[in-house]
Amino acid sequence: MKRIITSFEKLDDKQIELFKTQYPDGYSSQDIISFKNLKGIEIKTIQITSNDTIYLVKLNEKLINRIYNDDEELDEELGEEFEIDSNEYIDEEFED
Numbered sequence: 000m001k002r003i004i005t006s007f008e009k010l011d012d013k014q015i016e017l018f019k020t021q022y023p024d025g026y027s028s029q030d031i032i033s034f035k036n037l038k039g040i041e042i043k044t045i046q047i048t049s050n051d052t053i054y055l056v057k058l059n060e061k062l063i064n065r066i067y068n069d070d071e072e073l074d075e076e077l078g079e080e081f082e083i084d085s086n087e088y089i090d091e092e093f094e095d
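End of the sequence shown = 95 in numbering that gives the first Met the number 0, gap-free, step of one.
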């Protein structure tokens, strides 16, 4: 099985559909895979799997929101204002 590290910008339509199918309700902090690249910079990724490839997709919150909120993004591009509830895709517990 091939292993590929890529970014959301480089995903094709088939890979985006894989992402939406594997994470229909968004992802949680438990789904994030973190590692340091050769330059020592921490990279956060989400894994998607096809029949022959495992993709580690670098996180980009703006693009992830676009995947899940296609219609709202279109409204923004047309000049209408909207607000994204960023907590919708975050599944973390906080202690007081």
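Don't be surprised by glycine CBs; every beta carbon is placed ideally from N, CA and C. For clarity, every value in this text was computed on a predicted model and none was experimentally measured.
Mark residue i as exposed unless 16 or more other C-beta atoms lie within 10 angstroms of its C-beta, in which case mark it buried.
{"i": "Y34", "result": "Here residue 34 turns out to be Phe, not Tyr, going by the sequence shown. Exposed, because fewer than 16 other Cβ atoms sit within 10 Å of the Cβ of F34."}
{"i": "I47", "result": "buried"}
Beta carbon of residue i, beta carbon of residue j: below 8 angstroms?
{"i": "K13", "j": "T52", "result": "no"}
{"i": "K43", "j": "L58", "result": "yes"}
{"i": "Y54", "j": "T5", "result": "yes"}
Got a sec? Which residues, its chain only, sit under 6 angstroms from residue i by beta carbon, not counting five neighbours each side?
{"i": "Y26", "result": "I45"}
Who are the near neighbours of residue i in its chain, counting only those whose CB is closer than 7 angstroms to its CB and skipping five residues on each side?
{"i": "L17", "result": "I47 and S49"}
{"i": "E41", "result": "S33 and K35"}
Would you mind reading off the limits of the alpha helix (DSSP H) that contains residue i?
{"i": "F18", "result": "D12 to Q21"}
So the beta strand (DSSP E) residue i belongs to, where does it begin and stop?
{"i": "E41", "result": "E41 to T48"}
{"i": "Y54", "result": "T52 to K57"}
Tell me which same chain residues have a C-beta within less than 8 angstroms of the C-beta of residue i, skipping the five on either side of it?
{"i": "D30", "result": "Y22, I45 and Q46"}
{"i": "I32", "result": "K43, T44, I45, Q46 and L55"}
{"i": "I3", "result": "T52, I53, Y54 and L55"}
{"i": "K9", "result": "none"}
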